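Taken in order, these protein sequences are the chains called A and B. Residue numbering for the first sequence follows the working numbering, beginning at 17 and increasing consecutively. Residue numbering for the second sequence follows the working numbering, beginning at 17 and increasing consecutively. Remarks on the structure that follows.
Number of protein chains: 2
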Amino acid sequence: MTGIARSIVLTIGDELLLGRTLDSNSAWLADRLSMLGAPVGRMGTIGDVEEDVADAVRDARSRAALVVTTGGLGPTADDRTLAGVAAATAGRVPDAEIPNPRGVEPARWYEPELDTGALLVLPGPPREMTALFEASVPRIRASLGDRLRTVRTRTIATTGIPESRLAPKIQPLVDGVDGVDVAFLPDLHGVDLRLRVQGSSEREATRLLDAAESAIADVVRPFRLTAPSGDVVEALTDALLARGWTLALGESCTGGGIGERMTVRAGASRVFLGGVVAYSNEAKQVLLGVSAATLEEHGAVSEPVAASMAEGAVRAFAADCGLGITGIAGPGGGSEEKPVGTVCYAAATPEGVVVTTGRFRGDRDAVRRRSGQAALVQLLRLVERAP
Amino acid sequence: MTGIARSIVLTIGDELLLGRTLDSNSAWLADRLSMLGAPVGRMGTIGDVEEDVADAVRDARSRAALVVTTGGLGPTADDRTLAGVAAATAGRVPDAEIPNPRGVEPARWYEPELDTGALLVLPGPPREMTALFEASVPRIRASLGDRLRTVRTRTIATTGIPESRLAPKIQPLVDGVDGVDVAFLPDLHGVDLRLRVQGSSEREATRLLDAAESAIADVVRPFRLTAPSGDVVEALTDALLARGWTLALGESCTGGGIGERMTVRAGASRVFLGGVVAYSNEAKQVLLGVSAATLEEHGAVSEPVAASMAEGAVRAFAADCGLGITGIAGPGGGSEEKPVGTVCYAAATPEGVVVTTGRFRGDRDAVRRRSGQAALVQLLRLVERAP
């Protein structure tokens, strides 16, 4: 087999065929193999049945330069991968075993032969699988060499603009840079842009990626998240640290979800003092100092209440900055004036208070996540721009 | 083809081979097909390539009584499923089209032939796919009839005991009831037991499932969650409602995650008043009334502080019940006496306060989720048993 290397991923395990386990290994391997320059041509899932494993491995090695299997390596009688591989390789001993830094079963590596692709046999638990795949990359490179099409990528994280508005602006700009393509990877917190160059030298790839990044810079700037993880929480934590500011929260509709996100990483306590989850009106009054008159006049979901919650959080925790959020996450509770998805969110900094009302799409979970993200982004921009 | 019907699931789309999209359709279909009595024998993923689709569909129909494809049906030129299916069926018109309640593309249904399984072609977006599959079930039943092995299941949710301790107690008891098997489905919040009977009449299946449930009742009782969703939050909300009690939280290491869970469902405000996320020691003192002496003497991660946080939440929100939690989620901050994973959690009810110290395994996220679950379960049991 010659030409660009293609790969096939085989996932093995009865639990997958019963739908009991969601297969995240395949997508992870597909992404890594594509980045490594051996894009995946097809993927398959089979049960813990020796003949099925043997058939699938034999067939895949006849079609692809590289076959990667995961699963079915445990110590129990259920696990039939090694027996199936033995049948498919006519009992050959692996050309190498790569020790498992996070478990017992090593990776088994079989070199390619004339009409037979290379074979990498990995265990199923994702922590072990990912570590062993990375440890096997040098062997894949050594064996497939220049049949791997080099791929270089650069990811630019954005937030606050949907894919449907971002893509039509970005796509023609990237199309103007020969040799670069772009993928849009959306989730509830934003859209990542992945710029990609294939088959170029490192220096040429860097030049092309720089050119594409320059071409889209003006469009992307207002929405870009520059933290390495592309996460607004990391960007906000860094921006607060840079100014020596602390943060406290006043949450209603998000129920504590923003605090949960602020503390996902260790070390949050350097800037995050805490928050009040004020689900009831009484809690908004007693713990955040929102006045009964404001609640009465404007309603619990209103800009004055959101602002008062942010300022109340600042006071309660003696913080420099505060975030307030109140809204109608649904499915009930909407009105004509304030439909489900209406969320008011405020950011208080030493410079003052900013409040916004947003209408967020989706179910209760989506409204809570999207509005929480918008509230964090609003605060981030204010902290970044503070003098 | 005769005998028990087997099925094959084919997922179609370039984005899956690039690892950009996690395939949740396959697991959902595998579960539903298994419950319908046509268990999945293998699954495959292919790109938007007409010949690949045609090959895979042809091959699958020669192996299985039922083939279900998802994806590749959109209006764009990328989507090649219909062309591939046309090639695989020699241009036959579908025997039926099932209208899509949530989108544009209908499901296409091809009846089985002599050596060729039935074929159901579904769109890829999960909301549309699931609705169309359900709408197609009557056709599958009519066509495959008594080759479907009837399957009936009953799920029993447990929490507070790991699979490794639960399975050895449960398995022999279920093995004692002929015709019933059990699967253990663990996640960070607990272990679901799925009891299953195949190939029996409805009445006989009910009798067998009742017998199995009785056999394991004594072992399961202390760990069982009886809410329909199997979620401790639903069980706790119901138990509080039944007594007319309200709840407030004092969270430290979970950062707001317990409040976020308490408010996942609409209507939480009937029992949930709110919480304080007291990440700093000052916040624990000022907002929850934990005394400086207690913090000094026992440290922030200690049973007296957890108890004081639960009582402080009760006072601050004028609630009937309170939950306090403080711990070391890691990765840093552990000591010999209090290693990473040490979490103290307290439940306050009108009957008094109970505090527990747990050691939880896993990374920061796992420690936070497991300890939050344990804290909710402790409170649930106290509320359930209250006179």
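We put the CB at the ideal spot given by N, CA and C, even for glycine. Keep in mind it's a predicted model, so treat the numbers as computed, not measured.
Could you check the C-alpha separation between H314/A and G350/A for me, to the nearest Å?
Taking the first sequence and counting its residues from 1, one reaches residue 314/A at position 298. Taking the first sequence and counting its residues from 1, one reaches residue 350/A at position 334. Taking the straight line from one Cα to the other gives about 15 Å.
Along the stretch 323-344 of chain B, where does the CB come closer than 7 Å to a CB of chain A? Name the residues.
Listed by position, the residues of the stretch 323-344 of chain B near chain A (Cβ gap below 7 Å) are A332 and F333.
Are any of the Cβ atoms in chain B nearer than 8 Å to that of G272/A?
Here residue 272/A refers to the residue found at position 256 of the first sequence. So, interface residue.
Hey, does Y361/B have any beta-carbon neighbour from chain A nearer than 8 Å?
Counting from 1 along the second sequence, the entry for residue 361/B is found at position 345. Nearest CB-CB separation between Y361/B and chain A: not below the 8 Å threshold.
Is it buried or exposed for A309/A, if we count other Cβ within 10 angstroms and need 16 for buried?
By one-based count along the first sequence, residue 309/A stands at place 293. By the 10 Å Cβ count, A309/A comes out exposed.
Determine the extent of the alpha helix (DSSP H) in which D203/B is found, giving its start and end residues.
Taking the first residue of the second sequence as position 1, residue 203/B is located at position 187. First-last for D203/B: V196 to D203, but that is the beta strand (DSSP E), not the alpha helix (DSSP H).
Can you tell which of G374/B, G90/B and T166/B has the C-alpha that lies nearest to the C-alpha of V138/B?
On the second sequence, residue 138/B is found 122 positions in, with the first residue counted as 1. According to the sequence as given, residue 138/B is Leu; it is not Val. Considering only G374/B, G90/B and T166/B, the residue with the shortest C-alpha distance to L138/B is G90/B.
Looking at the structure shown, is P188/B part of a helix, part of a strand, or coil, going by DSSP?
Here residue 188/B refers to the residue found at position 172 when the second sequence is read from its first residue. Assigned with DSSP and collapsed to three states, P188/B falls in helix.
Under a CB-based cut-off of 8 Å, is V167/A close to chain B?
Within the first sequence, residue 167/A is the residue found at index 151, counting from 1. Against chain B, the CB of V167/A has no partner CB under 8 Å away; the residue lies outside that interface.
Quick check: the Cα distance between A67/A and S230/A, rounded to an integer number of angstroms?
Translated into the one-based positions of the first sequence, residue 67/A becomes position 51. Translated into the one-based positions of the first sequence, residue 230/A becomes position 214. The sequence as given places Glu at residue 67/A; Ala does not occur at that position. One alpha carbon belongs to E67/A, the other to S230/A, and they sit about 54 Å apart.
Mapping the DSSP letters down to three states, classify T358/A as helix, strand or coil.
As a first step, residue 358/A is located in the first sequence; it is residue number 342 there, counting from the start. In the structure shown, T358/A adopts extended strand secondary structure according to DSSP, grouped into three states.
Does the stretch 227-245 of chain A come close enough to the stretch 189-197 of chain A to have 3 or more Cβ pairs within less than 8 Å?
Short answer: they touch.
Paired residues, beta bridge with M51/A - DSSP:
By 1-based counting over the first sequence, the position of residue 51/A is 35. Bridge partners of M51/A: none, in fact.
Short of 9 Å Cβ to Cβ, which residues in the stretch 278-306 of chain A face chain E?
In the structure shown, chain E cannot be found, because the protein chains are A and B.
Considering only residues of the stretch 123-161 of chain B, which uninterrupted beta strand (DSSP E) runs meet the minimum length of 3 residues and lie entirely inside it, listed in chain order?
For the stretch 123-161 of chain B, whole beta strand (DSSP E) runs of length 3 or above, ordered along the chain, are 123-126 and 134-138.
Taking the runs of the alpha helix (DSSP H) that are 4 residues or longer, which of them lie wholly in the stretch 319-368 of chain B?
Listed in chain order, they are 319-333.
Since L82/A and A54/A are thought to touch, with beta carbons under 8 Å apart, how far apart are those beta carbons, to the nearest angstrom?
In the first sequence, the residue the question calls residue 82/A occupies position 66. In the first sequence, the residue the question calls residue 54/A occupies position 38. With a Cβ gap of about 5 Å, L82/A and A54/A count as contacting.
Nonlocal neighbours in the same chain, by C-beta distance under 6 Å from D39/A, ignoring five residues either side
Start at 1 with the first residue of the first sequence, and residue 39/A comes out as number 23. When the five nearest sequence neighbours on each side are left out, the beta carbons in the same chain lying within less than 6 Å of the beta carbon of D39/A are those of T27 and L32, in order along the chain.
Just to confirm, are Y361/B and Q394/B a CB contact at a threshold of 8 Å?
Residue 361/B sits at position 345 when you count from the first residue of the second sequence. Residue 394/B sits at position 378 when you count from the first residue of the second sequence. Remark: C-beta atoms of Y361/B and Q394/B approach each other more closely than 8 Å.
Pair within 8 Å by beta-carbon distance, T342/B and A322/B:
Mapped onto the second sequence, residue 342/B falls at position 326. Mapped onto the second sequence, residue 322/B falls at position 306. The answer is yes: Cβ separation under 8 Å.
3 or more residues per run - each beta strand (DSSP E) lying fully within the stretch 230-291 of chain B
Counting only runs of 3 or more, we get 263-267.
Suppose contacts are defined by Cβ-Cβ distances below 8 Å. Is L4/A in contact with T171/A by that definition?
Because chain A in this structure spans residues 17 to 403, residue 4/A falls outside the shown range and cannot be described.
Measure how close the beta-carbons of L304/A and A294/A come, nearest whole angstrom, since I'm counting them as under 8 Å.
In the first sequence, counting from the first residue as 1, residue 304/A sits at position 288. In the first sequence, counting from the first residue as 1, residue 294/A sits at position 278. Going by Cβ atoms, the distance from L304/A to A294/A rounds to 5 Å, so yes, they are a contact pair.
Check distances from the C-beta atoms of the stretch 18-41 of chain B to those of chain A and list, in chain order, the residues that come in under 9 Å.
Within the stretch 18-41 of chain B, the qualifying residues are V25, T27, E31, L32, L33, L34, G35, R36, T37, L38, D39 and S40.
How about T174/A: is its C-beta nearer than 8 Å to some C-beta of chain B?
Along the first sequence, one-based indexing puts residue 174/A at 158. Cβ-Cβ to chain B under 8 Å: no for T174/A.
Would you give the residue range spanned by the beta strand (DSSP E) that T105/B belongs to?
Residue mapping note: residue 105/B aligns to position 89 of the second sequence, counting from 1. Taken as a continuous stretch (DSSP letters only), T105/B belongs to no beta strand (DSSP E), as it is neither H nor E.
Evaluate T61/A with the Cβ neighbour count: other Cβ atoms within 10 Å of its Cβ, from every protein chain shown; 16 or more gives buried, anything less gives exposed.
Working through the first sequence from its first residue, we reach residue 61/A at position 45. So T61/A ends up on the buried side.
Consult DSSP for R375/B and reduce its assignment to one of helix, strand or coil.
Position 359 of the second sequence, counted from the first residue, corresponds to residue 375/B. DSSP places R375/B in strand when its eight states are reduced to three.
Which residues share a DSSP beta bridge with E113/B?
The residue labelled residue 113/B in the question sits at position 97 within the second sequence. According to DSSP, which records beta bridges pairwise, E113/B is partnered with R124/B.
Cβ atoms of G273/B and G272/A: under 8 Å apart, would you say?
What you label residue 272/A is simply residue 256 of the first sequence in a count that begins at 1. What you label residue 273/B is simply residue 257 of the second sequence in a count that begins at 1. Their beta carbons are under 8 Å apart, which means G272/A touches G273/B by this criterion.
State the start and end residues of the unbroken beta strand (DSSP E) segment that holds D30/B.
For the purposes of this step, residue 30/B is taken as residue 14 along the second sequence, with counting starting at 1. Not the beta strand (DSSP E): D30/B falls in the alpha helix (DSSP H), residues D30 to L33.
What first and last residue would you give for the alpha helix (DSSP H) that runs through V302/A?
Counting from 1 along the first sequence, the entry for residue 302/A is found at position 286. Where V302/A is concerned, the enclosing alpha helix (DSSP H) stretches over N297 to L304.
Rounded C-alpha distance that separates L135/A from Y126/A:
The residue you call residue 135/A lines up with position 119 of the first sequence. The residue you call residue 126/A lines up with position 110 of the first sequence. About 5 Å.
Going by DSSP in three states, M17/A sits in which element: helix, strand or coil?
As a working mapping, residue 17/A is identified with position 1 in the first sequence. With a pLDDT of 46 at M17/A, under the threshold of 50, the predicted position of this residue should be treated as unreliable, though the coordinate-derived value follows. Looking at M17/A - three-state DSSP - the assignment turns out to be coil, as it is neither helix nor strand.
If you pair each beta-carbon of the stretch 260-271 of chain A with each one of the stretch 251-269 of chain B, do three or more pairs fall below 8 Å?
Not touching, per the Cβ criterion.
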